[in-house]
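Written below as structure tokens is the structure these notes are about.
Protein chains: 2
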Amino acid sequence: MPPQEPTHDHGLAGEDLHVTVGRRLRVVGMRYSRSRRVVVDVLATAGRPLTLPEILEAGRPADDRPLAQSSAYRNVGELVDAAVVRRVDSGDDHARFELHESLTGHHHHLVCDGCGRIEDFEVPDEFEARVADLVAAVADRGFRVDAHRFDMVGRCADCA
Amino acid sequence: MPPQEPTHDHGLAGEDLHVTVGRRLRVVGMRYSRSRRVVVDVLATAGRPLTLPEILEAGRPADDRPLAQSSAYRNVGELVDAAVVRRVDSGDDHARFELHESLTGHHHHLVCDGCGRIEDFEVPDEFEARVADLVAAVADRGFRVDAHRFDMVGRCADCA
DNA sequence: CTTCCTGCAAAAGTTTTGCATTAAC
DNA sequence: GTTAATGCAAAACTTTTGCAGGAAG
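Listed in order, the protein sequences are those of chains W and H. Just so you know, we're using the numbering used here here: the first sequence kicks off at 2 and counts up by one. Just so you know, we're using the numbering used here here: the second sequence kicks off at 2 and counts up by one.
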């Protein structure tokens with residue numbers, strides 16, 4: 002992947018993001034604490050799914066105090082439950098996390114087998130319409146689809 | 002998911018499978034040992050992606066001696082490298098493993114958020130043709146696609 | 001103020017590794 | 001016979017948890 006745009010253009014920017022997240026947390030009785038704000042900031046800035054060690058690393062200079070590891074694990078888990086963060090599986094060792102699609106817009110992933118990096122990409126509406134057809138088809142089999150994942154796995158430009 | 006067909010109909014059956022796997026391993030200088038055979042048998046019989054604990058559990062009565070945990074981990078890793086096994090991410094805690102698509106045929110997954118089970122499903126050729134279009138599109142961005150994943154996530158009939 | 005969240009440190013899991021023995025070929 | 005694979009047990013990691021002190025609302 003050539004260095005792409007810093008972040009999604011379908012997503013909420015800067016302060017709006019925090020307002021939205023804050024509201025969403027309040028609704029479920031959670032506080033928007035400093036460390037949760039750091040996690041959200043780090044993920045928004047990265048614009049791609051990060052592993053927990055990456056979040057910790059990126060969160061260090063983001064504020065005076067470093068992010069405690071246990072808090073990061075706890076925060077990420079709670080933010081996933083609150084539909085602020087989404088877990089993305091990378092195929093390698095670590096799970097990765099990104100902002101929830103309700104905040105960034107629906108997208109898919111290019112997963113590099115070489116370096117493990119994941120980049121976002123969007124597909125034509127026409128393709129999503131085909132996916133909707135499939136969702137209807139499996140509903141007939143008794144399976145209720147809540148979400149779908151479509152990832153392309155291969156080699157990015159750097160690892161080719 | 003209603004109890005579906007026991008296994009893939011596009012895949013190699015019984016002895017053919019072992020012959021093919023044995024040949025594939027020999028080519029890369031690996032032996033087709035008892036425990037590797039058990040792992041392949043377990044995955045072929047399950048017909049759906051299994052976690053490592055599930056493989057160990059299923060492999061126990063499969064032969065006189067139980068599968069050692071360290072061997073199972075090593076075997077699965079080596080079989081992945083040899084393109085006999087494929088890793089599938091389930092979204093929950095454990096990674097899952099299934100036979101490589103070159104042995105079972107190309108397919109996609111229905112992932113149940115409730116029980117974590119993954120079932121296979123196949124999509125129309127027409128859909129795969131659309132995927133091929135997308136592969137071509139990202140190739141223009143410098144990303145070489147080797148494989149794709151398309152999973153539907155939701156609730157199976159039992160967990161609805 | 002009250003309740004939730006943090007940070008530490010310990011516990012619980014999971015996966016990997018070293019090495020003598022066993023089994024493939 | 002050679003050489004790779006196994007099995008055990010220990011080590012290395014990752015993730016979770018309990019709890020006293022601190023911060024959010």
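Ideal Cβ positions, reconstructed from N, Cα and C, are used throughout, including at glycine.
| field | Paired residues, beta bridge with Gly155 (chain H) - DSSP | value | As a beta-bridge residue in DSSP terms, Gly155 (chain H) pairs with W:Val146, H:Cys113.
| said: Is Arg131 (chain H) close to chain W? Criterion is C-beta to C-beta, closer than 9 Å. | reply: Taking Cβ atoms only, chain W reaches closer than 9 Å to Arg131 (chain H), which makes this a yes.
| request: Would you list, in chain order, the members of the segment 126-154 of chain W that have their beta-carbon closer than 7 Å to a beta-carbon of chain H? | output: Per Cβ criterion, the list reads Phe128, Arg131, Leu135, Val136, Val139, Arg142, Gly143, Phe144, Arg145, Val146, Asp147, Ala148, His149, Arg150, Phe151, Asp152, Met153, Val154.
| Between Ser72 (chain W) and the rest of its own chain, which residues show a CB-CB distance below 7 Å, the 5 nearest in sequence each way excluded? | Sequence-distant partners of Ser72 (chain W) (beyond 5 residues in either direction) whose C-beta falls short of 7 Å from its own C-beta, in its chain, are Ser36.
| So, Glu123 (chain H) versus His108 (chain H), is the Cβ gap smaller than 9 Å? | Yes, the pair counts as a contact, with Cβ atoms nearer than the cut-off.
| task | Have a look at the DSSP bridge pairing and note the partners of Ile119 (chain H). | result | Partner(s): H:Val112.
| said: Can you list, in chain order, the residues of its chain with a C-beta nearer than 6 Å to that of Gly60 (chain W)? Leave out the 5 residues immediately preceding and following it. | reply: Once the five neighbours on either side are set aside, the close Cβ partners of Gly60 (chain W) are Val39, Val43, Leu68.
| task | List the whole-angstrom C-beta distance separating Glu162 (chain W) from Pro50 (chain W), where the pair is believed to meet the contact cut-off of C-beta under 8 Å. | result | This structure cannot speak to residue 162 (chain W), because chain W is shown only from 2 to 161.
| request: Kindly list, in the order they appear in chain W, the residues whose Cβ is closer than 8 Å to that of Cys116 (chain H). | output: The contacting residues do not exist; Cys116 (chain H) stays about 12 Å from chain W at best.
| field | Amino acids of chain H, ordered along the chain, whose beta-carbon sits closer than 7 Å to that of Leu111 (chain W) | value | The answer, in chain order, is Val139, Phe144.
| said: Is it the case that the segment 136-144 of chain W contacts the segment 79-88 of chain W, given that we only count it when at least three CB pairs across the two stretches are under 8 Å? | reply: No, they do not touch.
| Of all Cβ atoms in chain W, is any one closer than 9 Å to the Cβ of Asp121 (chain H)? | No, Asp121 (chain H) does not count as interfacial toward chain W.
| request: Express the C-alpha separation of Thr21 (chain W) and Leu13 (chain W) in angstroms, rounding to a whole number. | output: Between Leu13 (chain W) and Thr21 (chain W), the C-alpha separation is close to 9 Å.
| task | Look at the Cβ atom of Phe144 (chain W), then the Cβ atom of Cys113 (chain H), and state whether they are nearer than 9 Å. | result | Yes, the pair counts as a contact, with Cβ atoms nearer than the cut-off.
| query | Looking at the structure shown, is Ala96 (chain H) part of a helix, part of a strand, or coil, going by DSSP? | reply | Reduced to three states, the DSSP call for Ala96 (chain H) is strand.
| message | Could you check whether the Cβ of Asp82 (chain H) sits closer than 9 Å to any Cβ belonging to chain W? | response | At a cut-off of 9 Å between beta-carbon atoms, Asp82 (chain H) makes no contact with chain W.
| query | Listed in chain order, which residues of the segment 35-51 of chain W have Cβ atoms closer than 7 Å to some Cβ of chain H? | reply | Within the segment 35-51 of chain W, contact with chain H at the beta-carbon level (separation under 7 Å) is assigned to no residue.
| said: Just to confirm, is the Cβ distance from Arg87 (chain W) to His110 (chain W) under 9 Å? | reply: In this structure, His110 (chain W) does not lie closer than 9 Å to Arg87 (chain W) by Cβ.
| request: For Ser71 (chain H), decide whether its Cβ has a neighbour in chain W, counting only Cβ atoms nearer than 9 Å. | output: Under the Cβ distance rule, Ser71 (chain H) does not count among the residues neighbouring chain W, no pair being separated by less than 9 Å.
| Taking the alpha carbon of Ile118 (chain W) as the point to measure from, which residue in W:His95, W:Glu58, W:Ala130, W:Glu16 has its own alpha carbon closest? | In the sequence as presented, Ile is not what sits at residue 118 (chain W); that position holds Arg. Nearest of W:His95, W:Glu58, W:Ala130, W:Glu16 to Arg118 (chain W), Cα basis: W:His95.
| query | Counting only beta-carbon atoms, is Ser103 (chain H) nearer than 9 Å to chain W? | reply | Chain W contact via Cβ: absent.
| So, helix, strand or coil for Asp42 (chain W), using DSSP? | DSSP, read as helix, strand or coil, puts Asp42 (chain W) in helix.
| Run through DSSP, which three-state label would Val86 (chain H) get? | Val86 (chain H) falls in the strand class under three-state DSSP.
| Given a threshold of 16 other Cβ atoms within 10 Å of its Cβ, counted over all protein chains shown, does Gly30 (chain H) qualify as buried or as exposed? | Under this definition Gly30 (chain H) is an exposed residue.
| Can you tell me the Cα-Cα spacing of Glu161 (chain W) and Ala133 (chain H), whole angstroms? | The question names Glu, yet the displayed sequence has Ala at residue 161 (chain W). Whole-angstrom Cα-Cα distance: 19 Å.
| message | Quick check: is the beta carbon of Ala158 (chain H) nearer than 9 Å to any beta carbon in chain W? | response | Ala158 (chain H) counts as touching chain W.
| said: Quick check on the burial criterion: 16 or more other C-beta atoms within 10 angstroms. Buried or exposed for Gly155 (chain W)? | reply: By the neighbour-count rule (16 or more Cβ atoms within 10 Å), Gly155 (chain W) is buried.
| message | Contact criterion: CB-CB distance below 9 Å. Does Val86 (chain W) meet it with respect to chain H? | response | No, Val86 (chain W) lies away from the interface with chain H (no Cβ there is under 9 Å from its Cβ).
| said: Against chain H, does Val77 (chain W) count as a neighbour if the rule is that its beta carbon must be under 9 Å from one of theirs? | reply: It does not: the Cβ of Val77 (chain W) has no partner Cβ on chain H nearer than 9 Å.
| Can you tell me where the alpha helix (DSSP H) with Pro54 (chain W) in it begins and where it stops? | Counting along the chain, the alpha helix (DSSP H) containing Pro54 (chain W) begins and ends at 53-60.
| message | Within 10 Å of its beta-carbon, does Met153 (chain W) have 16 or more other beta-carbons around it, so buried, or fewer, so exposed? | response | Burial call: buried.
| message | Is the beta carbon of Asp90 (chain H) closer than 9 Å to that of Ser91 (chain W)? | response | When the beta-carbon positions are compared, Ser91 (chain W) and Asp90 (chain H) come within less than 9 Å of each other.
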